[in-house]
Each structure stands twice: as structure tokens, then as C-alpha cells.
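Presented below is the structure to which this report refers.
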Amino acid sequence: MIILNIILYLALFVIVFRILRYVTTPLFNRLGIYKYYSKMFFTVPIFYRVREIHIGTSWDFFRIMNINPLKLLIYLGEGLVNLCKDIEDGKVDSNTVFRGVTFYMKPETLMKFGFEVNRLGILDSILFAINYIEICVLISISKRKLSLVSLKNIRVIKIQAKDIINSKLKFENTLNKLINRYTNESNTATKYIKTA
Numbered sequence: 137m138i139i140l141n142i143i144l145y146l147a148l149f150v151i152v153f154r155i156l157r158y159v160t161t162p163l164f165n166r167l168g169i170y171k172y173y174s175k176m177f178f179t180v181p182i183f184y185r186v187r188e189i190h191i192g193t194s195w196d197f198f199r200i201m202n203i204n205p206l207k208l209l210i211y212l213g214e215g216l217v218n219l220c221k222d223i224e225d226g227k228v229d230s231n232t233v234f235r236g237v238t239f240y241m242k243p244e245t246l247m248k249f250g251f252e253v254n255r256l257g258i259l260d261s262i263l264f265a266i267n268y269i270e271i272c273v274l275i276s277i278s279k280r281k282l283s284l285v286s287l288k289n290i291r292v293i294k295i296q297a298k299d300i301i302n303s304k305l306k307f308e309n310t311l312n313k314l315i316n317r318y319t320n321e322s323n324t325a326t327k328y329i330k331t332a
């Protein structure tokens, strides 16, 4: 009976947490707590000179709709390119560290872009577990079929702002390739990013 109560309280906590996050996204955006660099890419300050990277909340997924994996990667690319501009303009300290938990890119790919890649620690594992069901739902919506997040690519990524600047050209080139691919697949004219 005690175990059942614990499970119910944990489930209730997760549900309430997810609802609060959904409801507070627009508020946190207006207050500047969430700093959006594209429609789905934002950062959140967690410590002094440490920001967490996020690819959208449930609010963003339902606001934008018709999200697919390719569009998600485009929003990620746009976000990184726009973040580079803020760092270059001095709006973000060059010693700031960006971190996040990712599951949608292989560690090798992340390292090519200058990210330090590590396995999840205990706290990150707990936070990921709390978010797992919501992530699966959002990914299922984006793929338009029931999808579970593969646990093999889950990693903590870190990068300093100055290293993001060093990878700017890679981000821009990759973004252009993604936009080209999206344009070819959807027959939709899309804005191109000018590279250096």
C-alpha cells in the first residue's frame, strides 16, 4: 500500500510539474527568464554564467504544430546561429557555459560542433525521467506516430560561449543544408542564412 501511494504521489508530482511548465512558458518568456533564439530553441539561466539549452516546451510544440524532426533541427540551427550573434554583440558573456540534455543527436555529431559530451549524472537522470513521458508524446506528435525516445544517445552536453563562436560557420553551413533539404522535401520557399 505504501509503495502504491508513493507511485501515485510521484505520478501526481510529474503531472502537476508538466502542467505548471506548460502554463508558465509564456510568462517566463515575457519575463526574460526564457531567452528564445528561434521558435523552439531557448536558454534558461541556472547559475552564474551557466545557461541550460532547451529545444522547446510542450507550449511551443502545440503553438507551432506540424513540427517534424527536420524542422526541429532547423530551429536548433537557427537558435545556435542567433546565439552566436548575441555572444558576438556582447549580450552574452563569452565565459558563459551552456549545458543541456540531448537525445536526438549522436555524440560524434555533437563533438564535431565543439560540444563536450558526457553521460548523465544522477540529477540529470532524475530530471530526464520526469520529462520522459512528455518527451515521448511530443516526439510522437512530431513524427505523427507512436515513438519512444531511444535511451542510447542520451547525453549531457556542455559548451562555452567562446567555443560556440568558433563553430559559427559550421552551424551556418549545417543550417543551410537543413533548409535546402526542407525546401526540397516540402516544395516551400524558405529563407536562407548568409554564411561568412
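Oh and the sequence shown: position 183 is 319 in this note's numbering, straight run, nothing missing.
Backbone N, C-alpha and C fix where the C-beta goes; we use that ideal spot for every residue, glycine too.
Quick caveat, the model's predicted, so the values are computed rather than measured.
Inset, instruction - Inspect the beta-carbon positions of Y318 and K207 and report whether they are closer than 8 Å. - result: Yes, these two residues count as a Cβ contact at 8 Å.
Inset, instruction - Identify, in the order they occur along the chain, each residue of the same chain with its Cβ nearer than 8 Å to the Cβ of V237, setting aside the five sequence neighbours on each side. - result: Excluding its 5 nearest sequence neighbours in each direction, V237 has C-beta neighbours in its own chain below 8 Å: L256, D260, L263, F264, I290, R291, V292, I293, listed in chain order.
Legend entry - Nearest neighbour of V217, chosen from N204, L305, E321, F164 [CA to CA]: Measuring from the Cα of V217, the nearest candidate turns out to be L305.
Legend entry - Exposed unless 16 or more other CB atoms sit within 10 angstroms - verdict on G215: So G215 ends up on the buried side.
Legend entry - Three CB pairs or more closer than 8 Å across the segment 193-209 and the segment 139-152: Because the criterion of three Cβ pairs below 8 Å is not met, the segment 193-209 and the segment 139-152 do not touch.
Inset, instruction - Could you check the C-alpha separation between R187 and R280 for me, to the nearest Å? - result: Distance between the alpha carbons of R187 and R280: 31 Å.
Inset, instruction - Out of D196, W195, I191, state which residue places its alpha-carbon closest to the alpha-carbon of L212. - result: Nearest neighbour of L212 by Cα position, chosen from D196, W195, I191, turns out to be I191.
Legend entry - Residue range of the beta strand (DSSP E) that includes F177: In the DSSP assignment, F177 falls within the unbroken beta strand (DSSP E) covering 177-183.
Legend entry - 7 Å Cβ shell around E224 - same chain, five flanking residues per side excluded: Correct list, in chain order: I301.
Inset, instruction - Specify, as a first and last residue, the run of the alpha helix (DSSP H) that F197 falls within. - result: That run of the alpha helix (DSSP H) goes 194-200.
Legend entry - Rounded C-alpha distance that separates T310 from G250: Whole-angstrom Cα-Cα distance: 14 Å.
Inset, instruction - Taking only the alpha-carbon atoms, compute the straight-line gap between K227 and L140 and give it to the nearest angstrom. - result: If I take the Cα positions, the gap works out to 49 Å.
Inset, instruction - Check F234 in the structure and name its three-state DSSP category. - result: Strand, per DSSP.
Legend entry - Contact set for Y268: own chain, Cβ-Cβ below 8 Å, skip 5 residues either direction: For Y268, where only same-chain residues beyond five positions count, the Cβ hits under 8 Å are V285.
Legend entry - Unbroken alpha helix (DSSP H) run spanning V273, endpoints: Looking at the DSSP string, the run of the alpha helix (DSSP H) that includes V273 is 258-279.
Legend entry - Nearest-angstrom Cβ-Cβ length linking V253 and P243, presumed shorter than 8 Å: Confirmed, Cβ separation roughly 4 Å.
Legend entry - Given M201 as reference, the closest of I275, M247, K288 once Cα atoms are compared: Checked all of I275, M247, K288; the closest Cα to M201 is I275.
Inset, instruction - Give me whichever residues DSSP pairs with K221 in a beta bridge. - result: Beta-bridge partners assigned by DSSP to K221: none are found.
Inset, instruction - Measure from the C-beta of N254 to each C-beta in chain B and report whether the shortest distance is under 8 Å. - result: Included in the structure is just one protein chain, with no chain B present.
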